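Here the structure comes first, spelled out in structure tokens, and everything after it is commentary.
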Amino acid sequence: MNKLVIADPGKCIGCRTCELACALAHSPADAIATLSPASFIPRLKVVKTAKISTPVQCRQCDDAPCAAVCPTGTLVKGANSVEVIPSRCIGCKSCMIACSFGVIEVLPCELLHSDRPYTGTTHVEAVKCDLCESRGAGPACIEVCPTKAIHIVDSAVMAMTALKRREHSAAMLVIGGTDAYLSHADN
Amino acid sequence: MTTITLNGQTHEVPQGITVLEAARRAAVDIPTLCHHEALGSYGACRVCVVEAEGPALRRGLVAACTLPVSDGLVVITESPDVQRTRKILFELLLGRSPDSESLRAMAKRYGVHSTRFGAGAEHDLCVRCGLCVRTCKEKIGTAAISFAGRGQGRNVTTEFGALSELCIGCGSCAAVCPTGMIRLEDGAGERAIVRQDLTIARFALLTCTSCSAPVITQKFMDQRLQALPEGQSEVLCLDCKRQRTAATAGSFPNIWS
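Top to bottom, those sequences are chains A and B.
Each residue of the first sequence is one higher than the one before, starting from 1 at the first, in our numbering.
Each residue of the second sequence is one higher than the one before, starting from 188 at the first, in our numbering.
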């Protein structure tokens with residue numbers, strides 16, 4: 001199973017520190033002074049509505065629609081995430097339309113790599129959460145979140161989630177009998 | 188594995204790759220205009236010229252993008268011959284497309300600041316690299332644009348130079364164009380794919396079902412997203428998709444509360 005970064009909306013206070021950490025971790029210089037409004041490109045975006053605030057980022061789908069529609073093999077299944085091979089991108093934006101989470105974007109290279117000279121071809125690149133794979137300390141967003149709302153989910157966490165939910169279901173049966181459980185499930 | 192010598196250093200590279208790929212793996216700079224990793228080698232622009240010599244290859248200048256690696260191949264990427272030839276190539280390209288900023292910047296990096304060629308001749312931004320044509324046909328599967336004419340009259344154009352009925356408005360041609368000859372222009376709910384002096388196609392954009400922002404063309408939805416399961420083809424803008432993702436975030440397995 002792919003790993004993914006996900007936030008607990010209950011703990012998110014919408015401060016957008018994760019966005020900043022993400023933009024910095026993926027900027028050429030990794031220094032705040034080098035960021036401009038145009039080059040501020042976080043791969044996760046904090047969504048704030050009347051009901052909820054939470055960062056939204058790539059779910060690293062195991063059956064990824066972005067990879068399924070990509071005509072050039074830019075998006076490929078890696079060891080534990082959906083990986084991007086940017087040099088293959090032709091900018092057709094199929095992935096952007098195919099992703100139902102809205103977490104992959106096709107962006108101009110000049111915004112992404114102000115440090116890199118133009119070597120011809122490819123003006124655009126598919127951009128999404130890469131789990132900070134190239135960063136030794138792991139995802140930058142997790143590190144900076146002041147409320148510890150962001151977590152990495154791997155197969156062990158998934159298994160534990162399932163276990164806890166089963167325990168919860170069992171507890172409901174004991175406490176209130178089948179009727180109470182069913183009415184709880186309805187809610 | 189194959190052993191080649193690149194600028195005096197020995198490299199072990201996989202069999203079957205090109206000298207250009209080998210050089211890029213070794214972080215050796217070779218300029219290209221008509222090469223794209225998504226497409227095969229084409230050998231149109233020649234600016235990837237290198238000097239090569241091998242057991243079965245007489246010493247000479249070759250395009251790195253079409254030369255496969257072979258055991259004992261010796262490649263030099265910055266010999267005087269290479270530099271002189273590359274400069275002439277850039278001058279010739281600049282003679283055809285003197286107004287292309289990206290081409291000028293690239294030429295400048297290789298020491299070419301002006302050109303002796305092209306005075307009084309027809310100018311445009313197109314260097315005839317064929318990336319747009321190949322992307323459209325090979326990757327998008329559309330072939331809305333192709334080369335027509337020959338020699339100096341060779342040109343990227345639509346069927347009969349009219350508005351293309353085949354184009355799906357994805358804009359990949361514009362994204363891969365190294366000189367900015369082809370552009371994607373979005374405005375007021377409409378999209379146009381434009382080749383400097385010729386409109387390739389024009390579309391009304393489908394709007395986001397939630398906020399009415401223009402998103403994508405109908406032809407794109409029909410052709411590019413066939414692979415997707417039913418129900419995943421609702422047209423939504425990125426912002427509205429994210430809002431929905433956030434709205435359902437609470438129901439994701441949650442063991443922290």
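Think of the CB as a built atom: it goes at the ideal place given N, C-alpha and C, for glycine as much as any other residue.
None of these values were measured; they are calculated from a predicted model.
- By alpha-carbon distance to GLN413(B), the top candidate from PRO65(A), LYS48(A), CYS109(A), THR49(A) is PRO65(A).
- Within the same chain, Cβ atoms closer than 6 Å to the Cβ of ALA251(B) are found at VAL206, LEU207, ILE217, CYS235, VAL237, the five residues on either side in sequence being excluded.
- For ALA362(B), the chain A residues whose C-beta falls within less than 7 Å of its own C-beta are ILE90, GLY91, HIS123, VAL124, listed in chain order.
- Within chain B, the C-beta atoms nearer than 9 Å to that of PHE101(A) come from LYS428, ARG429, ARG431, THR432, in chain order.
- Between the alpha carbons of CYS395(B) and LEU415(B) lies a gap of roughly 18 Å.
- For ARG370(B), no CB of chain A lies under 8 Å from its own CB, so it is not counted at the interface with that chain.
- Ranked by Cα distance from GLY230(B), the first of ARG212(B), ILE327(B), VAL249(B) is VAL249(B).
- Non-local beta-carbon contacts of ASN194(B) in its own chain, meaning distances under 8 Å to residues more than five positions away in sequence, involve VAL215, VAL262, ILE263, THR264, GLU265 in chain order.
- In the assembly as shown, LEU163(A) is an exposed residue. Its beta-carbon has fewer than 16 other beta-carbons within 10 Å.
- For VAL363(B), the closest C-alpha among the options MET160(A), ALA79(A), VAL106(A) is that of VAL106(A).
- Per DSSP, the beta-bridge partners of ASP373(B) are ARG378(B).
- Non-local beta-carbon contacts of GLN383(B) in its own chain, meaning distances under 7 Å to residues more than five positions away in sequence, involve ASP311, LEU312, MET368 in chain order.
- Here LEU423(B) is buried: its Cβ has 16 or more other Cβ atoms, across all protein chains shown, within 10 Å.
- Contact between VAL314(B) and PRO267(B) does not hold, since the beta-carbon distance rounds to 25 Å and is not under 8 Å.
- Interface annotation, GLU224(B): in contact with chain A, CB-CB separation under 8 Å.
- Among the CB atoms of chain B, none fall inside 8 Å of the CB of ALA156(A).
- Listed along chain B are LYS326, ILE327, each with a C-beta nearer than 7 Å to that of PRO71(A).
- Relative to the Cα of ALA308(B), the nearest Cα in the group ALA330(B), PHE334(B), LEU281(B), VAL320(B) belongs to LEU281(B).
- Taking PRO146(A) as the centre and dropping the five residues before and after it, the same chain places the C-beta of ILE13, CYS15, THR17 closer than 8 Å to its C-beta, in chain order.
- Look at GLU125(A) here: in three-state DSSP terms it is strand.
- If the five residues before and after GLY247(B) are omitted, its C-beta is found closer than 8 Å to the C-beta atoms of GLU238, ALA239, GLU240, all from its own chain and listed in chain order.
- If you draw a straight line from the Cα of PHE347(B) to the Cα of LEU353(B), it is about 12 Å long.
- Burial check for LYS51(A): the Cβ neighbour count within 10 Å stays below 16, so the residue is exposed.
- For CYS357(B) and ASP286(B), the gap between their C-alpha atoms comes out near 26 Å.
- Here CYS132(A) has ALA25, GLY138, PRO139, ALA140 as same chain residues with Cβ atoms under 7 Å from its own Cβ, once five neighbours each way along the sequence are excluded.
- Taking C-beta atoms as the reference points, SER359(B) and GLY91(A) count as a pair closer than 8 Å.
- The secondary-structure analysis by DSSP pairs PRO401(B) across a beta bridge with THR394(B).
- Against LYS45(A), the close residues of chain B are ARG429, in the order they occur along the chain (beta-carbon pairs closer than 8 Å).
- The C-beta distance from GLN410(B) to ILE355(B) rounds to 5 Å, short enough to fall under 8 Å.
- Relative to the Cα of SER289(B), the nearest Cα in the group ALA98(A), MET96(A), GLU110(A), SER53(A) belongs to GLU110(A).
- At a cut-off of 8 Å, the C-beta of VAL56(A) has a neighbouring C-beta in chain B.
- In the three-state DSSP reduction, ILE191(B) falls in the strand class (E or B).
- For the options ARG303(B), PHE277(B), ALA213(B), the alpha carbon positioned closest to that of ARG296(B) is the one of PHE277(B).
- The DSSP-derived three-state label of GLN196(B) is strand.
- Identification of chain A residues near CYS354(B) by a Cβ-Cβ cut-off of 9 Å yields none; the smallest Cβ-Cβ distance measures about 12 Å.
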